[in-house]
Structures are given as C-alpha cells and as structure tokens.
Amino acid sequence: ANQELSDNNFGHFDISLNKGTYSFVFIAHNGDGNPTFTSPSQIKFPGNKVTDTFYYYGQMDIEEDATYDVTLKRAVGKFRLVVKDETPKTIKQMKIYYTGGSSTFDATTGYGCVNSKQTEYRTVSEEAYEQESRYEVYTFPHQGDKKLKFEISALRGTNPDSPADYVRTIENVTMKPNTITQYSGYFYGEAPEGGRGFNVSIDGEWKQENYEY
-6 ANQELSDNNF
4 GHFDISLNKG
14 TYSFVFIAHN
24 GDGNPTFTSP
34 SQIKFPGNKV
44 TDTFYYYGQM
54 DIEEDATYDV
64 TLKRAVGKFR
74 LVVKDETPKT
84 IKQMKIYYTG
94 GSSTFDATTG
104 YGCVNSKQTE
114 YRTVSEEAYE
124 QESRYEVYTF
134 PHQGDKKLKF
144 EISALRGTNP
154 DSPADYVRTI
164 ENVTMKPNTI
174 TQYSGYFYGE
184 APEGGRGFNV
194 SIDGEWKQEN
204 YEY
C-alpha cells in the first residue's frame, strides 16, 4: 500500500487481517516513486537514488480491532560538503561519486545491505559564486565500521560528461544512520590561515560529525 503527502489519510493506514502474528514494514521517503520490496531485508528505491528515509520493522499480534501507533526511525546517513571559498564562475555543477555505502536497505537490521557505487549531481547556485556553499547526499550505512570514499568533481557544464576543473578525494569517511558527517574546507584553494583539523558538533534532530578536508 502506498500513500503520498497529498492524500487525506496520510500517516493513517487501515487494513483487515485475520487473527495472527504479522511482520510489518513501513517506509517513508522523500523520493520519486515507490520502493520495491523483494523482502524486508531487500528494499530498493527507484533509480537507486537514496533520499531522506525513515522506517519501521516489527511483528504485531493481531487479535481484535485495534489501533497501533508506529514510530519510524531515520535509516540514512547524510554526507555534507561545505565549500568555504567562493566557487569560480566557470563551475556549473558538482559531481559526487562515492563508494562504501548502500542504495538497498535491510529493514530487519536498519542498515544497508549491498555494496553500492553511487553518483549524484548538484547544481551550483548563484549564491555559491559569492559565498560559502554546501552539498548533501544520502546513503544507507553498513553495519559495523565500513568506511566510505568520496570523489567530488567541480564540472564546467551542466551535463554529466562535462569536464572537471577541480577534483578532491575524501577517504575513510564514517557514516552512521541519523548522523550528518560534515566535511568543511576550501575546495578551490587552501585556507588563508593554513593548517587542517576537525571538530565534532550536534545539528538539530540529526547527529552531526564535522571534519575539515
């Protein structure tokens, strides 16, 4: 069953079932199209695109008419790149290619379950030519201490095959569910004061881990 935000009954689901024990999976995501459920442990999304995603998985004993309240948890981790310097006006698009995450979700564990190579493109805003800018992507982190690798390219055009003028690679990136891993730095040049470092902070409902590149 599928619901969309525009539906009158959004967030409320009615179903008729015989008495018994059932496993339920609920997925809420900010993407186009419906997820594909091969099983609760193999949930795929249209175009393998990962957006902000919440989930619930559990068993319920259905004995009589009743209403159940289900609380969903965030399934994804967010990588945020903060570009502190102004973007050259020749740059039109950012390409973010990353490995070590997953585009398929296992609701029984709450983690990603395949090794994915993911590519996202982000348009450079007009404001980025005059000030700091940021770019964000999502993934389903793997269980354990699996690290991700990001290759970020600044492209001269709006096509995926546009030439890259600047490329940075960030390795050994830690991603966790419900956590923003933020890398801040001077993408097109070095920091005026020189040096590198990292810090950790909390951002709103998300947990956030900050680093400099």
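Residues -6 to 206, numbered by my numbering, are exactly what the sequence shown covers, in order. Just so it is clear, CB atoms sit at the ideal spot from N, CA and C, and this is done for glycine as well. Quick caveat, the model's predicted, so the values are computed rather than measured.
{"Check": "Alpha-carbon to alpha-carbon, Q52 and F211", "Outcome": "Look at the range of the chain in this structure, -6 to 206, and you will see that residue 211 is not part of it."}
{"Check": "Beta-carbon spacing of C106, T92 below 8 Å", "Outcome": "no"}
{"Check": "Coil, strand or helix - E129 by DSSP", "Outcome": "strand"}
{"Check": "Close beta carbons around E120, own chain, < 8 Å, minus the five adjacent residues each side", "Outcome": "S126"}
{"Check": "Rounded straight-line distance, which links the Cα of Q175 to that of N152", "Outcome": "26 Å"}
{"Check": "Neighbour flag for K200 against chain C, beta carbons, 8 Å", "Outcome": "The displayed structure is made up of one protein chain only, and chain C is not part of it."}
{"Check": "Cα-Cα separation between K12 and Y61, rounded to whole angstroms", "Outcome": "15 Å"}
{"Check": "Contact set for L134: own chain, Cβ-Cβ below 7 Å, skip 5 residues either direction", "Outcome": "The sequence given here places Pro at residue 134; Leu does not occur at that position. Closer than 7 Å at Cβ, skipping near neighbours: G70, G94, Y104, G105, M168, K169 and P170."}
{"Check": "Residues near I20 in its chain [Cβ-Cβ closer than 6 Å; skip 5 each side]", "Outcome": "P28 and Y48"}
{"Check": "A147 vs I84 beta-carbon contact at 8 Å", "Outcome": "yes"}
{"Check": "Cα-Cα separation, I8 to E202", "Outcome": "41 Å"}
{"Check": "beta-carbon K37 near the ligand ADP non-hydrogen atom, thresh 7 Å", "Outcome": "Here there are no bound small molecules, and the ligand ADP is not part of this structure."}
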